[in-house]
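J.: Could you have a look at this structure, given as structure tokens, before my questions?
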Amino acid sequence: MINSEATKAIDYKMLAVSSPAFLNETIIPAQYTCDGINVSPPLNIDHIPEKAKCLAIIMDDPDAPLHTWVHWLVWNIPVTHHLKENQIHGIQGLNDFRQVHYSGPCPPAGTHHYYFKVYALDALLDLPPASSKAALEKSMSDHIIAFGELTGIYKKIK
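The opening residue of the sequence shown carries number 702 in the numbering used here; numbering runs sequentially from there.
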């Protein structure tokens, strides 16, 4: 017997995520990193479905030595096409620096990739502040209606 839930295809709409601060697959300016003032970059989000009730962001680094390193978690962001630099209008989670705010790129060695993953959700999440990435992913799993990402790269200034 085939489990229909396990074989169900997930059909997300695609969000267009960009930033006026850097282009996809290019270097993230130092001001958004541990070498600068370490604030979140501005993000533009297009093609948000009308059914979206909020946005969520996961920013992580899969090039980290031990595991994918979480730099930023935020959810229940009111639907908007423009997130300004260093402005958060949602609830933030606990990153791998054990902090509840944006912690920008700060690779120990080499060049790393940073993924700004943006999700459009069809419901607000009932998730307490300082929740983990796993808790956020579980909470939003049945509510994702669109997804997009912006990738930046960074090598620490010596």
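All C-beta atoms, glycine included, are put in the ideal place defined by N, C-alpha and C.
What's the gap between the Cα of Val718 and the Cα of Asn745?
T.: Approximately 6 Å, taken between the alpha carbons.
J.: Between the Cα of Lys818 and the Cα atoms of Leu795, Trp776, Ala722, His768, which residue gives the shortest distance?
T.: Comparing Cα positions, the closest option is Trp776.
J.: Specify, as a first and last residue, the run of the alpha helix (DSSP H) that Ala836 falls within.
T.: Its alpha helix (DSSP H) spans residues 834-841.
J.: Mind checking who Lys714 pairs with in its DSSP beta bridge?
T.: Lys714 is bridged to Ala847.
J.: Rounded to whole angstroms, what's the CA-CA distance from Leu724 to Leu826? Just pull it up for me.
T.: Taking the straight line joining both Cα atoms gives about 30 Å.
J.: Helix, strand or coil for Gln732, going by three-state DSSP, please let me know.
T.: Note: Gln732 maps to helix in three-state DSSP.
J.: Which parts of the segment 743-785 are runs of the beta strand (DSSP E), unbroken and 3 residues or longer, counting only runs that do not cross its ends?
T.: Counting only runs of 3 or more, we get 744-747, 755-762, 770-778.
J.: Can you tell me whether DSSP reads Phe817 as helix, strand or coil?
T.: Strand.
J.: Quick one: Cα of His768 to Cα of Asp761, how far?
T.: Answer to the nearest angstrom: the Cα atoms are 10 Å apart.
J.: Alpha carbon to alpha carbon, how far is His802 from Pro763?
T.: C-alpha separation (whole angstroms): 19 Å.
J.: Excluding five sequence neighbours on each side, which residues of the same chain lie with their C-beta closer than 6 Å to the C-beta of Asp797?
T.: Trp770, Val771.
J.: Applying the 10 Å Cβ sphere with the 16-neighbour rule, what's the burial state of Gly794?
T.: Flag for Gly794 reads buried.
J.: List the whole-angstrom C-beta distance separating Pro808 from His790, where the pair is believed to meet the contact cut-off of C-beta under 8 Å.
T.: Contact doesn't hold; Cβ gap of about 28 Å is too wide.
J.: To the nearest whole angstrom, what separates the beta carbons of Ile846 and Ala821, a pair I think is in contact under 8 Å?
T.: Correct: roughly 5 Å between the Cβ atoms.
J.: For Ile792, which three-state DSSP category applies?
T.: If DSSP states are grouped into helix, strand and coil, Ile792 belongs with the strands.
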